[in-house]
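Chemist:
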Amino acid sequence: MRYQSLILAAFCGCGYAQLTPTLRHLHSRAVITDTDLRSTYDYIIVGGGLAGLVVASRLSEDSSTTVLVLEAGHSGDDVIEGINSPSGAYYSSIVGTEYDWLYVTTPQTHMNNRSVGWPRGKILGGSSAMNAMYLVRPAKVEVDAWQAIINDDKKRWGWDNLFKFMKKAENFTPPTEELLSYTNISYDASTHGSGGPMQVTYPAFMIGINNNWTSSLEQVGVPTLTNPNGGITLGGFIAPSSINPSNWTRSYSRSAYIDPLPPRPNLHILPDATVLRLRYGDSSNSRGIQVTGVEFAKDPQTPISRVDVKKEVILSGGPLGTPKVLLHSGVGPRDVLEAANIDVRVTLPGVGQHLQDHLTAGVVWETPQETAGNIKDSGSDFSRTAEFLSFINDAVAFVNVTALFGGPDPVPVFQKQIIDAMEESSKTLVPSIYPEVVEGYKAIYETTANKFLPDVAQLEMLMSLISPGTVSIQAALQHPFSTGRTYINSSNPFDPIIIDPQYYSHPADLTLMRQGVRFVRSVGAAFGDVLGQELAPGPDVQTDEQIEAWLVQGAASTQYHPTGSCAMLPMAQGGVVDADLRVYGLLNVRVVDSSIFPFEFAAHLASATYGVAEQAAELLKSTSYKADGSVVPNSSSVALRGPSSIFGLCAIIFLASLSCLTPYL
């Protein structure tokens, strides 16, 4: 293994100074204590995670607009070095600490009554401060299917628009020449953004086994994808990551969108502030109820505080935090609210429903080759360098169901079985008594069965090199047919939310995962003597029944991509938000986070969520308000401005100035 000297790149941030040690002292400028809190803000953002901080940064660009972010977790200053180091996601993770919500699912009936941990970031930056930093977008066909299922005739949420906003978030830097000299990486800079706050690049250093990835995949029929993240996902590639190459640190929503900002007196971020519920005024009409502010507290022992809002409340608590706030505010399924002794303000059956997650299981082999885990355990000088610690797992591949079944012949039968089971599944597998939710389940099911089979990716493979002496390749289900829910069973907002994804409730998911394990084994075999003995599930696990038992009894777990609990769907299909991101029944509350995706993408959700947040900020800026702060009806239905809209604005100003000067020319 050669340990190269690596040249650090310098960048122009186009308004966002790049994070360097000399700017580190800026990080606390927006973070306040409760003594600095104002009584009223134009916008209150509930949740300082990935999406919340993006929206806060963008809205506060207008110095006349006041923005408050309330984050339940700590600021993260005490663990900032571990967060900043990309390898910290593996070797010194905040998972399982006070910076993790420590969520656990209910015992899963179809997984041998196992409960599954769901790590989520309880910290400024949210899960973007603890995730594995993959930058993997969904496919165009998936995003366009989202646009179709919500009847978005303005095409706000189709691929073309979302792609534009995903790129707006980014500043892409190609891999270094040193890295390219010994690693097979294909990329297309045109599929990424330039000048955005979030830094996107490749690690400074990679493990030699990565070079076997795409060549081994090609041996089993998986092509190398030469332009990943441009709307096509099928194929194998080395993925870029959200890493800042100026100092090889994690680039996440806080370090990208908040820390580099100059002082903004109009932006306040308050950590250790759990939002308990929304507060309502007397204003309401046929469209909904006006929210006047929120209540929050540090913990159950501290007094409740209140803060008012002039314009809008933006819920950015994620797929678990956002429905929890709505439910404790009396917005949700009536049966759930009444059982928890919550007064019903808006009956909205879809809150917490349509919950989906990616399941994953890893096949593990011994290897005689050096892994990142071996280098880390060596304690060498190199193992402590920023260059080595920038290495994270980056080998990715997506395959469709044809590949999983070894050819096209079994696919039509499998697809027909799934389609034929839709009516029965909708009667027995939907955890809701409301017909609207059932209709939404059918719409999602039909999209998944008809549009995503057989040609869209059904399985993701990820190669892990972080353990000494072993290599793991995960098989991760991307479009589950099993759907669950999240809900409350207590009126105390500090009690944990209940999570029931209903893993494997639909038998097709177990079949797909089983075939995924078989396919991963074929990839492992193509590595040849780079991989040694299979350790898990092991050579004794061969039949369909044995593989399925292994998956059910302990191997399968979450890939950390929950979504759908506040789905953007019509109300008649159990939707929670409309295409303007507004919560049905509330006049001035929107949801901006990954809970709005009505179904899973074959992707990691961070990039798409950045795109949603960037687009939401533009939507909010384009909204007009009355003198009392209420939204002018339909004001946000205008075409959203894209990243280049500033040039149009400049042109208008320029032409206006010319008209003023005309008499003098």
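In the working numbering, the protein residues as written are 378 to 1042. Backbone N, C-alpha and C define an ideal beta-carbon position, used for all residues, glycine too. Bear in mind that the values here come from a model prediction, so they are computed numbers and not experimental data.
Looking only at its chain, what residues have a beta carbon closer than 7 Å to the beta carbon of residue 897, apart from the 5 residues adjacent to it on each side?
Modeler: The residue you call residue 897 lines up with position 520 of the sequence shown. Closer than 7 Å at Cβ, skipping near neighbours: 740, 838, 850, 852.
Chemist: Among residues of its own chain, excluding the 5 on either side of residue 913, which ones have a beta-carbon nearer than 6 Å to its beta-carbon?
Modeler: Sequence index remark: in the sequence shown, residue 913 carries index 536 (1-based). Counting only Cβ-Cβ distances below 6 Å, and skipping sequence neighbours, we find 741.
Chemist: Where residue 988 and residue 916 are concerned, what is the direct C-alpha to C-alpha distance, given to the nearest angstrom?
Modeler: Taking the sequence shown and counting its residues from 1, the one referred to as residue 988 is at position 611. Taking the sequence shown and counting its residues from 1, the one referred to as residue 916 is at position 539. Rounded to whole angstroms, residue 988 to residue 916 spans 44 Å at the Cα level.
Chemist: Please report the distance separating the alpha-carbon of residue 1000 from that of residue 711.
Modeler: Residue mapping note: residue 1000 aligns to position 623 of the sequence shown, counting from 1. Residue mapping note: residue 711 aligns to position 334 of the sequence shown, counting from 1. The straight-line gap from Cα to Cα measures roughly 31 Å.
Chemist: Between which residues of its own chain and residue 1019 is the CB-CB distance below 6 Å, once the five residues before and five after are set aside?
Modeler: Numbered from 1 along the sequence shown, position 642 holds the residue referred to as residue 1019. Here the model assigns residue 1019 a pLDDT of 41, short of 50, so the residue's position is not dependable, and the following value carries that caveat. Excluding residues within five positions, the ones whose Cβ falls inside 6 Å are 541.
Chemist: Is it buried or exposed for residue 686, if we count other Cβ within 10 angstroms and need 16 for buried?
Modeler: Within the sequence shown, residue 686 is the residue found at index 309, counting from 1. Burial call: buried.
Chemist: Are there 16 or more other CB atoms within 10 angstroms of the CB of residue 716, so buried, or fewer, so exposed?
Modeler: As a first step, residue 716 is located in the sequence shown; it is residue number 339 there, counting from the start. Its Cβ having fewer than 16 others within 10 Å, residue 716 is exposed.
Chemist: DSSP beta-bridge partners for residue 875?
Modeler: On the sequence shown, residue 875 is found 498 positions in, with the first residue counted as 1. Answer is 864, bridged to residue 875.
Chemist: Tell me, which residues are paired with residue 775 by DSSP?
Modeler: As a first step, residue 775 must be located in the sequence shown, where it is residue number 398. For residue 775, which the question treats as bridged, DSSP gives the partners 612, 837.
Chemist: Taking its Cβ as the centre, do 16 or more other Cβ atoms sit within 10 Å of residue 793, making it buried, or is it exposed?
Modeler: Counted from its first residue, the sequence shown places residue 793 at position 416. It is exposed - the Cβ of residue 793 has fewer than 16 other Cβ atoms within 10 Å.
Chemist: Looking at C-alpha atoms only, which residue of 921, 967, 927 is the closest neighbour of residue 360?
Modeler: Nothing in the structure corresponds to residue 360, since the chain is present only between 378 and 1042.
Chemist: By Cβ distance, which residues of its chain are closer than 7 Å to residue 1015, with the 5 residues on each side in sequence left out?
Modeler: For the purposes of this step, residue 1015 is identified with residue 638 of the sequence shown, where counting begins at 1. In this predicted model, residue 1015 has a pLDDT of only 40, less than 50, meaning its place in the structure is not dependable; the value taken from the coordinates is given anyway. 999.
Chemist: Should residue 569 and residue 882 be called a contact, given that it needs their Cβ atoms to be closer than 8 Å?
Modeler: On the sequence shown, residue 569 is found 192 positions in, with the first residue counted as 1. On the sequence shown, residue 882 is found 505 positions in, with the first residue counted as 1. No, they are not a contact pair.
Chemist: Rounded to whole angstroms, what's the CA-CA distance from residue 697 to residue 454? Just pull it up for me.
Modeler: Sequence index remark: in the sequence shown, residue 697 carries index 320 (1-based). Sequence index remark: in the sequence shown, residue 454 carries index 77 (1-based). Distance between the alpha carbons of residue 697 and residue 454: 24 Å.
Chemist: Within the same chain, show all residues whose beta-carbon is closer than 6 Å to that of residue 647, passing over the 5 residues directly before and after it, in chain order.
Modeler: Residue mapping note: residue 647 aligns to position 270 of the sequence shown, counting from 1. So the list reads 409, 447, once near-sequence residues are dropped.
Chemist: Which class does residue 655 belong to by DSSP, given the choice of helix, strand or coil?
Modeler: Taking the first residue of the sequence shown as 1, we reach residue 655 at position 278. Three-state result, residue 655: strand.
Chemist: Would you report the Cα separation of residue 380 and residue 832, rounded to the nearest angstrom?
Modeler: Counting from 1 along the sequence shown, the entry for residue 380 is found at position 3. Counting from 1 along the sequence shown, the entry for residue 832 is found at position 455. At residue 380 the pLDDT is 37, less than 50, meaning the model places this residue with poor confidence and gives no usable figure here.
Chemist: Rounded to whole angstroms, what is the Cα-Cα separation between residue 403 and residue 641?
Modeler: Counting from one through the sequence shown, the residue named residue 403 turns up at place 26. Counting from one through the sequence shown, the residue named residue 641 turns up at place 264. Here the model assigns residue 403 a pLDDT of 43, short of 50, so the residue's position is not dependable, and the following value carries that caveat. So the two alpha carbons sit approximately 11 Å from each other.
Chemist: Do you know whose CA, among 660, 650, 662, 707, lies nearest residue 679's CA?
Modeler: If you number the sequence shown from 1, residue 679 lands on position 302. Residue 650 is the option with its Cα nearest to residue 679.
Chemist: How should residue 435 be labelled, buried or exposed, when 16 other C-beta atoms within 10 angstroms of its C-beta is the threshold for buried?
Modeler: Within the sequence shown, the letter at position 58 stands for residue 435. When all chains shown are included, residue 435 counts as buried.
Chemist: Which residue from 817, 707, 810, 821 puts its Cα closest to that of residue 865?
Modeler: Taking the sequence shown and counting its residues from 1, the one referred to as residue 865 is at position 488. Measuring from the Cα of residue 865, the nearest candidate turns out to be 707.
Chemist: State the DSSP-derived secondary structure class of residue 673, mapped to helix, strand or coil.
Modeler: Position 296 of the sequence shown, counting from 1, holds the residue named residue 673. It is a strand residue.
Chemist: Along the alpha helix (DSSP H) that carries residue 887, what are the first and last residues, could you check?
Modeler: Taking the sequence shown and counting its residues from 1, the one referred to as residue 887 is at position 510. Segment 884-903, the alpha helix (DSSP H) holding residue 887.
Chemist: Please say whether residue 855 and residue 990 have beta carbons closer to each other than 8 Å?
Modeler: Position 613 of the sequence shown, counted from the start, is the residue given in the question as residue 990. Position 478 of the sequence shown, counted from the start, is the residue given in the question as residue 855. Taking 8 Å as the Cβ cut-off, residue 990 and residue 855 do not qualify as a contacting pair.
Chemist: When burial is assigned at 16 or more other CB atoms within 10 Å of the CB, is residue 784 buried or exposed?
Modeler: Along the sequence shown, read from residue 1 onward, the residue named residue 784 stands at position 407. Exposed.
Chemist: Quick one: using the 10 Å Cβ neighbour count with 16 as the cut-off for buried, is residue 445 buried or exposed?
Modeler: Within the sequence shown, residue 445 is the residue found at index 68, counting from 1. Classification for residue 445: buried.
Chemist: Could you check whether residue 591 and residue 578 sit closer than 8 Å to each other, using their CB atoms as the reference points?
Modeler: If you number the sequence shown from 1, residue 578 lands on position 201. If you number the sequence shown from 1, residue 591 lands on position 214. Cβ atoms of residue 578 and residue 591: not closer than 8 Å.
Chemist: Assuming residue 908 and residue 744 are in contact, meaning their beta carbons sit under 8 Å apart, how far apart are those beta carbons, in whole angstroms?
Modeler: Residue numbering aside, residue 908 sits at position 531 when the sequence shown is read from its first letter. Residue numbering aside, residue 744 sits at position 367 when the sequence shown is read from its first letter. Indeed, because the Cβ distance is near 6 Å, the residues count as touching under 8 Å.
Chemist: Return the CA-CA distance between residue 863 and residue 937, expressed in angstroms with no decimal places.
Modeler: Position 486 of the sequence shown, counted from the first residue, corresponds to residue 863. Position 560 of the sequence shown, counted from the first residue, corresponds to residue 937. Going by the C-alpha atoms only, they are around 15 Å apart.
Chemist: What are the start and end residues of each continuous alpha helix (DSSP H) run of 4 or more residues lying completely inside the region 431-495, in chain order?
Modeler: Fully enclosed alpha helix (DSSP H) runs of 4 or longer: 457-461, 465-468.
Chemist: Over the uninterrupted beta strand (DSSP E) stretch that includes residue 586, give me the two end residues.
Modeler: Taking the first residue of the sequence shown as 1, we reach residue 586 at position 209. No beta strand (DSSP E) holds residue 586; DSSP gives it neither H nor E.
Chemist: Over what stretch of residues does the beta strand (DSSP E) that includes residue 420 continue unbroken?
Modeler: Numbered from its first residue, the sequence shown carries residue 420 at position 43. Its beta strand (DSSP E) spans residues 417-423.
Chemist: Does DSSP classify residue 575 as helix, strand or coil?
Modeler: The sequence position of residue 575 within the sequence shown is 198, counting from 1. Strand.
Chemist: What is the residue span of the beta strand (DSSP E) that residue 742 lies within?
Modeler: Here residue 742 is taken as the residue at index 365 of the sequence shown, counted from 1. Start and end: 736-743.
Chemist: Return the CA-CA distance between residue 957 and residue 703, expressed in angstroms with no decimal places.
Modeler: Taking the first residue of the sequence shown as 1, we reach residue 957 at position 580. Taking the first residue of the sequence shown as 1, we reach residue 703 at position 326. Distance between the alpha carbons of residue 957 and residue 703 is about 18 Å.
Chemist: Candidates 964, 1002, 922, 830: which alpha carbon is nearest residue 518's?
Modeler: Position 141 of the sequence shown, counting from 1, holds the residue named residue 518. Checked all of 964, 1002, 922, 830; the closest Cα to residue 518 is 830.
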